[in-house]
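**Student:**
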Amino acid sequence: MSENKWVYLFNELNQAEKHVGKIWDKVLGLLGGKGANLAEMTRIGVPVPPGFTISTEGCNAYVADGKFPDGLWDQVLSAMKNVEIKTGKKFGDAHNPLLVSCRSGAKFSMPGMMDTVLNIGLNDQSALGMVKLTDNERFVYDSYRRLIQMFGSVVLGIPDEAFEDILNDYKHDKGFKADTDLTMLDLKSLTEKFKTIVKKVYGSEFPQEPYEQLKLATEAVFKSWNGKRAIDYRRATNIPDDLGTAVNIVSMVFGNMGWDSGTGVAFTRDPQTGEKKMFGDYLLNAQGEDVVAGIRNTEKIEKLAEEMPNVSKQFLDICAKLEKHYHDMQDVEFTIERGKLWMLQTRNGKRTARSAVKIAVDMANEDLITREQAIMRVTPEQVDSLLHPQFDPVTKATAKKKGFYLTSGVNASPGAAVGQIYFDADTTEKKNKEDKLDTIMVRPFTKPDDVHGMLAAKGILTSEGGATSHAAVVARQFGVPCVVGASAVKIDLEHRQMIIGDTLIKEGEWISVDGTTGEVFTGKLSLTAPSLEEQTDLLTLLGWADGICAKPDIRKLADGKKTRGLQVWANADYPKDARRARSYGAVGIGLCRTEHMFFEPERLPVVQRMILATTSADRKAALDELLPSQRSDFEGLFEAMDGYPVIIRLIDPPLHEFLPSPEKLLEEVVTMRVKGETKGLSKKENLLKSVQAMHESNPMMGLRGVRLSIYMPEIVEMQIRAIFEAAANMTQKGVHVKPEIMIPLTGTVKELEWIQPRLVAIAKKVMTEKALEFPYKFGTMIEIPRAAVTAGEIAGLAEFFSFGTNDLTQMTYGYSRDDAERNFLVKYIEEGILAKNPFQTLDQVGVGRLMKMSVEEGRKVRPDLEVGICGEHGGDPASIEFCHTIGQNYVSCSPFRVPIARLAAAQAAIKHRA
Ligand code: PEP
Ligand code: MG
Numbered sequence: 012m013s014e015n016k017w018v019y020l021f022n023e024l025n026q027a028e029k030h031v032g033k034i035w036d037k038v039l040g041l042l043g044g045k046g047a048n049l050a051e052m053t054r055i056g057v058p059v060p061p062g063f064t065i066s067t068e069g070c071n072a073y074v075a076d077g078k079f080p081d082g083l084w085d086q087v088l089s090a091m092k093n094v095e096i097k098t099g100k101k102f103g104d105a106h107n108p109l110l111v112s113c114r115s116g117a118k119f120s121m122p123g124m125m126d127t128v129l130n131i132g133l134n135d136q137s138a139l140g141m142v143k144l145t146d147n148e149r150f151v152y153d154s155y156r157r158l159i160q161m162f163g164s165v166v167l168g169i170p171d172e173a174f175e176d177i178l179n180d181y182k183h184d185k186g187f188k189a190d191t192d193l194t195m196l197d198l199k200s201l202t203e204k205f206k207t208i209v210k211k212v213y214g215s216e217f218p219q220e221p222y223e224q225l226k227l228a229t230e231a232v233f234k235s236w237n238g239k240r241a242i243d244y245r246r247a248t249n250i251p252d253d254l255g256t257a258v259n260i261v262s263m264v265f266g267n268m269g270w271d272s273g274t275g276v277a278f279t280r281d282p283q284t285g286e287k288k289m290f291g292d293y294l295l296n297a298q299g300e301d302v303v304a305g306i307r308n309t310e311k312i313e314k315l316a317e318e319m320p321n322v323s324k325q326f327l328d329i330c331a332k333l334e335k336h337y338h339d340m341q342d343v344e345f346t347i348e349r350g351k352l353w354m355l356q357t358r359n360g361k362r363t364a365r366s367a368v369k370i371a372v373d374m375a376n377e378d379l380i381t382r383e384q385a386i387m388r389v390t391p392e393q394v395d396s397l398l399h400p401q402f403d404p405v406t407k408a409t410a411k412k413k414g415f416y417l418t419s420g421v422n423a424s425p426g427a428a429v430g431q432i433y434f435d436a437d438t439t440e441k442k443n444k445e446d447k448l449d450t451i452m453v454r455p456f457t458k459p460d461d462v463h464g465m466l467a468a469k470g471i472l473t474s475e476g477g478a479t480s481h482a483a484v485v486a487r488q489f490g491v492p493c494v495v496g497a498s499a500v501k502i503d504l505e506h507r508q509m510i511i512g513d514t515l516i517k518e519g520e521w522i523s524v525d526g527t528t529g530e531v532f533t534g535k536l537s538l539t540a541p542s543l544e545e546q547t548d549l550l551t552l553l554g555w556a557d558g559i560c561a562k563p564d565i566r567k568l569a570d571g572k573k574t575r576g577l578q579v580w581a582n583a584d585y586p587k588d589a590r591r592a593r594s595y596g597a598v599g600i601g602l603c604r605t606e607h608m609f610f611e612p613e614r615l616p617v618v619q620r621m622i623l624a625t626t627s628a629d630r631k632a633a634l635d636e637l638l639p640s641q642r643s644d645f646e647g648l649f650e651a652m653d654g655y656p657v658i659i660r661l662i663d664p665p666l667h668e669f670l671p672s673p674e675k676l677l678e679e680v681v682t683m684r685v686k687g688e689t690k691g692l693s694k695k696e697n698l699l700k701s702v703q704a705m706h707e708s709n710p711m712m713g714l715r716g717v718r719l720s721i722y723m724p725e726i727v728e729m730q731i732r733a734i735f736e737a738a739a740n741m742t743q744k745g746v747h748v749k750p751e752i753m754i755p756l757t758g759t760v761k762e763l764e765w766i767q768p769r770l771v772a773i774a775k776k777v778m779t780e781k782a783l784e785f786p787y788k789f790g791t792m793i794e795i796p797r798a799a800v801t802a803g804e805i806a807g808l809a810e811f812f813s814f815g816t817n818d819l820t821q822m823t824y825g826y827s828r829d830d831a832e833r834n835f836l837v838k839y840i841e842e843g844i845l846a847k848n849p850f851q852t853l854d855q856v857g858v859g860r861l862m863k864m865s866v867e868e869g870r871k872v873r874p875d876l877e878v879g880i881c882g883e884h885g886g887d888p889a890s891i892e893f894c895h896t897i898g899q900n901y902v903s904c905s906p907f908r909v910p911i912a913r914l915a916a917a918q919a920a921i922k923h924r925a
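For the sequence shown, this note's numbering gives the first residue as 12, with consecutive numbering after it.
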């Protein structure tokens, strides 16, 4: 039986590939990321210090049995011989010693989570050899005492403090401040003291035998796979426990062997901006730590061309080769030892969102990657961060250090905002409009009549509510950064202040709100502000994304038919939102919530009169007053979306939302009575009676949506007239209109049978009056589970479905969309009962199943049924992917999320390509 192969020299990549199959992901699994890349660099002729990798299979066998499996150590010994031959050095030699590092390296990067030991092979004897080689006795004894400390703590389990205490006492006695004050003799003396510590704490001498050092170090790295740090990290990042870590044994090279040596780190492109130029630092006659530690001022990488032109040229050629090979920007580490360049590491470089987009687009234009690869390289979150003002991470970290962090809530609408706090909409607006202040509106929750304050605010903070609360929905729609449900915020409206823990913040004081993460800070954090029009690379990338989705055969539907990918539409209530949505790339409006128009200050009294009317004639009169303004809003929408569909939803919320709250009215009535004020009292009392009469215990499940239209048809009749008159007027002006009328909250087809023909009749009447014809559709929202399970019946009448996943989630789970997030939902997520907040990311298993069923049943009856989504999930990348897979035609989201959705739609199309 042939012996298992546990050890792979860096030039044995072929054998690794033979063992696991020529799949890079599996090679990464066997050799770990670092080992696989060192072997790959060796294969393509990049100078890598000789070395080898002990595979993850070796680690797993060691972890299972608590000892090296048969053959492993012999293979290490023979690999070491090979390294000795390649380097011309000898392990532990007194004249020309080979030193090696022993580094962990798992399939996925787990920075700092496992152990590493450097300078293995250094002992009393080889230290002398190193002195001869480097002519730098101080460096050698510094390295030696570091090895004893590192080995002592990592391998022998001696607490670091044992060494640190000795070092600190020594420095204290000598009056030294920094390690750099230590002389060669000091370090020599410390080396001896460290050896004594090992003897005292561990019970035997620091091993002088190099192979014993290597063996123990290797075992320690294997064991560190199951160290607490590593396990915690794996839990947090979903890395499986059974992968194991590889161990890389690499011959040490030194950048501090004189002025013809050096060391550095570099990115092959600028990781901040993405610009195609090397970005990095180096130091001559220095070791790696010096570059990072900033003890000496580093040189910019460009300067290497002057100091060592040949090495610089070779380095640039290697970097170009690596980029070409890996098809991505690389982050490299290198060392020059006596004029010879060695590459110690390469990996795909981390980068900012801006740089990610530029690098992806540039590389596609350079034919280094395809356009599809470019699309997959950028995450929707990165696009998101490019479109909203942000706090950069350094600013936030500093603020946290200074104790400015206050609390966190639900990250309801992304972006960062800095402003002075005000506790009601009127003051927020006034301070902004009249005093030109940057304001943050702080409320327990918001209501439709707070919208003017929300619009005037730079940011919004609420102590109640969740991701689909009024504050969240409106804030996202208008792109106002918003944190909701920050329950630690205790708002004291009476004293115009809020208290968070021990911090009291009064009205007018500054706070900073991060709607991307949900964090809240006291004081003013600095902001960075972007704009889409200026981001040409992003526009290019999104153009490519649209191209992918537009391919007519990119997606295969359940019935086997091939179609294009998703379109991206927007939720927009006003013409200016529609214009923004279009400029962000939306090709339709998926939801216009018409009731928002009723809240305009000059319209609200008419709306209230209409609601409180006791006769149909009075109600009609009020509605006649509202009609012109609704019509002109719709005209604006059609004009902005010329040529694209506009879905207008008929009135949805319960009517009490348009009236003052009964508590407030009661308070006013009581005050008037106490003060003996009679003027206007009976009017107020009547109003109070009407409002109280409308009270419902469960308004979200009460008189709203289509029920309201059936109960009080005059409102929607007016709305239909306004929509069709607007469409006709705009058609006369040459605008290409495509109105789609959406009936909300349908639960049974009988509701549609009752209302829809009446509305269609009005639509036809208007077209006859205007002597015009244009295409239109009538459809419904699917937001009640009963509608989903009877979708086949409903599709008999409805020409389109739009999933209202806010309500559908609420009603499927039975969780209140207004309250759940501020109490039990957080606990549910912490306890793992729910993986994610279902109001932010679609619950594919439950709610999604209803959606899938609706599409299938609906299309059986009406094969060309248009299907979309207009709940908040329409802008969430994971939910968008799901919508693609169930065959929806489009997703609709707030204008600010349109670019994110365009990218996510293309990524879904590529991932699930037909
Ligand atoms: C929904 O329920 O998902 C929806 C879009 O309607 P609203 O949020 O207005 O209830
Ligand atoms: Mg709804």
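All C-beta atoms in this analysis are idealised placements derived from N, C-alpha and C, irrespective of residue type, glycine included.
Between the region 277-286 and the region 72-81, can you find at least three pairs of beta-carbon atoms closer than 8 Å?
**Tutor:** Taking 8 Å as the limit for Cβ pairs, the verdict is that the region 277-286 does not touch the region 72-81.
**Student:** Give me, in chain order, the residues of the same chain whose beta-carbon lies closer than 7 Å to that of P664; leave out the 5 immediate sequence neighbours on both sides.
**Tutor:** In the sequence shown, residue 664 corresponds to position 653, counting from 1. Same-chain partners within the cutoff: E606, R715.
**Student:** Evaluate H399 with the Cβ neighbour count: other Cβ atoms within 10 Å of its Cβ, from every protein chain shown; 16 or more gives buried, anything less gives exposed.
**Tutor:** Walking along the sequence shown from the start, residue 399 turns up at place 388. When all chains shown are included, H399 counts as buried.
**Student:** Could you give the first and the last residue of the continuous alpha helix (DSSP H) run that contains N422?
**Tutor:** Looking up residue 422 in the sequence shown gives position 411. Not the alpha helix (DSSP H): N422 falls in the beta strand (DSSP E), residues 421-424.
**Student:** Can you tell me whether K501 is helix, strand or coil according to DSSP?
**Tutor:** One-based indexing of the sequence shown puts residue 501 at position 490. DSSP places K501 in strand when its eight states are reduced to three.
**Student:** For N134, which residues does DSSP report across the bridge?
**Tutor:** As a first step, residue 134 is located in the sequence shown; it is residue number 123 there, counting from the start. Note: N134 sits in no beta bridge, so no partner.
**Student:** Mark S542 as exposed unless 16 or more other C-beta atoms lie within 10 angstroms of its C-beta, in which case mark it buried.
**Tutor:** By one-based count along the sequence shown, residue 542 stands at place 531. So S542 counts as exposed.
**Student:** Just list the residues that DSSP pairs W353 with in beta bridges.
**Tutor:** Numbered from 1 along the sequence shown, position 342 holds the residue referred to as residue 353. According to DSSP, which records beta bridges pairwise, W353 is partnered with T346.
**Student:** The alpha helix (DSSP H) that contains R630, what's its start and end?
**Tutor:** Start at 1 with the first residue of the sequence shown, and residue 630 comes out as number 619. Looking at the DSSP string, the run of the alpha helix (DSSP H) that includes R630 is 627-651.
**Student:** Since R908 and G477 are thought to touch, with beta carbons under 8 Å apart, how far apart are those beta carbons, to the nearest angstrom?
**Tutor:** What you label residue 908 is simply residue 897 of the sequence shown in a count that begins at 1. What you label residue 477 is simply residue 466 of the sequence shown in a count that begins at 1. Contact doesn't hold; Cβ gap of about 18 Å is too wide.
**Student:** On the DSSP bridge list, what partners appear for I793?
**Tutor:** On the sequence shown, position 782 is the one that residue 793 refers to. DSSP output for I793 lists F814 as bridge partner(s).
**Student:** Going by CA-CA distance only, name the one from T248, D403, G464, L333 that's closest to T528.
**Tutor:** Residue numbering aside, residue 528 sits at position 517 when the sequence shown is read from its first letter. Per the Cα distances, D403.
**Student:** Check the DSSP bridge columns for I516 and list the partner residues they point to.
**Tutor:** Sequence index remark: in the sequence shown, residue 516 carries index 505 (1-based). M509, per the DSSP bridge assignment.
**Student:** Roughly how many whole angstroms lie between the Cα atoms of F265 and G99?
**Tutor:** For the purposes of this step, residue 265 is taken as the residue at position 254 of the sequence shown. For the purposes of this step, residue 99 is taken as the residue at position 88 of the sequence shown. When rounded, the distance between both Cα atoms is 15 Å.
**Student:** Is V31 helix, strand or coil by DSSP?
**Tutor:** By 1-based counting over the sequence shown, the position of residue 31 is 20. V31 falls in the helix class under three-state DSSP.
**Student:** Measuring only from the beta carbon, is T279 closer than 7 Å to any heavy atom that is part of the ligand PEP?
**Tutor:** Position 268 of the sequence shown holds residue 279. No, Cβ of T279 sits at least 7 Å from all heavy atoms of the ligand PEP.
**Student:** Which runs of the alpha helix (DSSP H) spanning at least 4 residues fall entirely within the region 664-693, listed in chain order?
**Tutor:** 673-686, all fully within the region 664-693.
**Student:** Figure out for me which residue from K407, T682, T742, E334 has the closest Cα to the Cα of G360.
**Tutor:** Counting from one through the sequence shown, the residue named residue 360 turns up at place 349. Closest option to G360, Cα to Cα, is E334.
**Student:** So the candidates are G526, T418, D548; which of them puts its Cα closest to the Cα of L515?
**Tutor:** Working through the sequence shown from its first residue, we reach residue 515 at position 504. Measuring from the Cα of L515, the nearest candidate turns out to be T418.
**Student:** Within this structure, are the beta carbons of Q641 and A583 separated by less than 8 Å?
**Tutor:** Counting from one through the sequence shown, the residue named residue 641 turns up at place 630. Counting from one through the sequence shown, the residue named residue 583 turns up at place 572. Not closer than 8 Å, so no.
**Student:** Residues in its own chain within less than 7 Å of P58 by CB, not counting five upstream and five downstream?
**Tutor:** Here residue 58 corresponds to residue number 47 of the sequence shown, with the count starting at 1. Closer than 7 Å at the Cβ level, and outside the excluded window around P58, lie L352, W353, M354.
**Student:** Flag N817 as yes when its Cβ comes closer than 7 Å to any non-hydrogen atom of the ligand MG, and as no otherwise.
**Tutor:** Residue mapping note: residue 817 aligns to position 806 of the sequence shown, counting from 1. Yes.
**Student:** Under 8 Å between the Cβ atoms of T816 and I880?
**Tutor:** Counting from 1 along the sequence shown, the entry for residue 816 is found at position 805. Counting from 1 along the sequence shown, the entry for residue 880 is found at position 869. Yes, they are a contact pair.
**Student:** Would you call the region 698-711 in contact with the region 761-774, where contact means no fewer than 3 C-beta pairs closer than 8 Å?
**Tutor:** Flag = no, the region 698-711 and the region 761-774 do not touch.
**Student:** Closest to V128 by CA distance: which of L861, P656, R114 is it?
**Tutor:** Translated into the one-based positions of the sequence shown, residue 128 becomes position 117. Nearest option by C-alpha distance: R114.
**Student:** Quick one: grab the DSSP three-state call for M340.
**Tutor:** Taking the first residue of the sequence shown as 1, we reach residue 340 at position 329. DSSP places M340 in coil when its eight states are reduced to three.
**Student:** Could you spell out where the beta strand (DSSP E) holding A3 opens and where it closes?
**Tutor:** Outside the displayed range of the chain (12 to 925) lies residue 3, so it cannot be described from this structure.
**Student:** Could you tell me if D85 is buried or exposed, where buried requires 16 or more neighbouring beta carbons within 10 angstroms of its beta carbon?
**Tutor:** Here the question's residue 85 lines up with position 74 in the sequence shown. With fewer than 16 other Cβ atoms within 10 Å, it is exposed.
**Student:** Provide the residue(s) that pair with I169 in DSSP beta bridges, ordered along the chain.
**Tutor:** Here residue 169 refers to the residue found at position 158 when the sequence shown is read from its first residue. Answer is none; I169 lacks a bridge partner.
**Student:** From this set, V878, N740, E223, which residue's C-alpha is nearest M753's C-alpha?
**Tutor:** As a first step, residue 753 is located in the sequence shown; it is residue number 742 there, counting from the start. Comparing Cα-Cα distances from M753 to each of V878, N740, E223, the minimum goes to V878.
**Student:** I need the straight-line Cα distance from G273 to V322, nearest angstrom please.
**Tutor:** Here residue 273 refers to the residue found at position 262 of the sequence shown. Here residue 322 refers to the residue found at position 311 of the sequence shown. Each residue's Cα considered, the two are about 11 Å apart.
**Student:** If you count every other CB in all the chains shown that lies within 10 Å of the CB of E392, and 16 or more means buried, which is it?
**Tutor:** Translated into the one-based positions of the sequence shown, residue 392 becomes position 381. The residue in question, E392, is exposed, as its Cβ has fewer than 16 Cβ neighbours within 10 Å.
**Student:** Where does E445 fall in DSSP's three states?
**Tutor:** The residue you call residue 445 lines up with position 434 of the sequence shown. Here E445 sits in coil by DSSP.
**Student:** Specify the secondary structure class of V57 as computed by DSSP and reduced to three states.
**Tutor:** Mapped onto the sequence shown, residue 57 falls at position 46. Coil.
**Student:** In the DSSP assignment, find the unbroken alpha helix (DSSP H) run with P910 in it and report its ends.
**Tutor:** Counting from one through the sequence shown, the residue named residue 910 turns up at place 899. Taken as a continuous stretch (DSSP letters only), the alpha helix (DSSP H) holding P910 covers 909-922.
**Student:** Any heavy atom of the ligand PEP within a distance shorter than 7 Å of the CB on R388?
**Tutor:** The count along the sequence shown starts at 1 and reaches residue 388 at position 377. For the ligand PEP, not one heavy atom lies less than 7 Å from the Cβ of R388.
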